[in-house]
Amino acid sequence: MQIFISPEIVKEQCQILNIINQDQKAIGYITFFFDEKKMYVYGQCEEEGVSEDFKDVIQPYIQGMSKAKPDLDIYSYICIGGKKLTLNKDENNE
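And the structure:
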């Protein structure tokens, strides 16, 4: 199944992006909230069968956001079907 990012809200201090499938059905979301020194990333996908695709779509986006504001600490919690998704092998419990 192909999945894509569809912007819902994009502002200076936050972004909300829908994750949609090829039928334009929302299957999840990812949000970014910015503080002076922190970036919080929260995401959820309801379909467990697209976990690798979900990871492949959001990981470059998160990396791009961290490059745009390199001085920020990043805190994230992303889950698929209620289970936490690990983006990096060395990711801690942030």
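Numbering (my numbering), first residue to last: -6 to 87.
A virtual CB, placed ideally from N, CA and C, is assigned to each residue, including glycine.
All of these numbers come straight from a predicted model, not from anything done at the bench.
Rounded to whole angstroms, what's the CA-CA distance from residue i to residue j? Just pull it up for me.
{"i": "E29", "j": "G36", "result": "21 Å"}
{"i": "I67", "j": "I2", "result": "20 Å"}
{"i": "Y22", "j": "M32", "result": "16 Å"}
{"i": "D64", "j": "F25", "result": "15 Å"}
{"i": "M58", "j": "K76", "result": "24 Å"}
Might you give, ordered along the chain, the residues of its own chain that have their beta carbon closer than 8 Å to the beta carbon of residue i, omitting 5 neighbours on each side?
{"i": "V50", "result": "I(-4), F(-3), I(-2) and I12"}
Buried or exposed: which applies to residue i, given that a residue is buried once 16 or more other Cβ atoms fall within 10 Å of its Cβ?
{"i": "C7", "result": "exposed"}
If you drop the 5 nearest sequence neighbours on each side, which residues of the same chain put their C-beta closer than 6 Å to that of residue i?
{"i": "I71", "result": "G36 and L78"}
{"i": "A19", "result": "N11 and I13"}
Going by the beta-carbon positions, is the gap between residue i and residue j smaller than 9 Å?
{"i": "I45", "j": "G74", "result": "Sequence check: residue 45 is Glu here, not Ile. Result no, Cβ atoms of E45 and G74 do not sit closer than 9 Å."}
{"i": "V34", "j": "M(-6)", "result": "no"}
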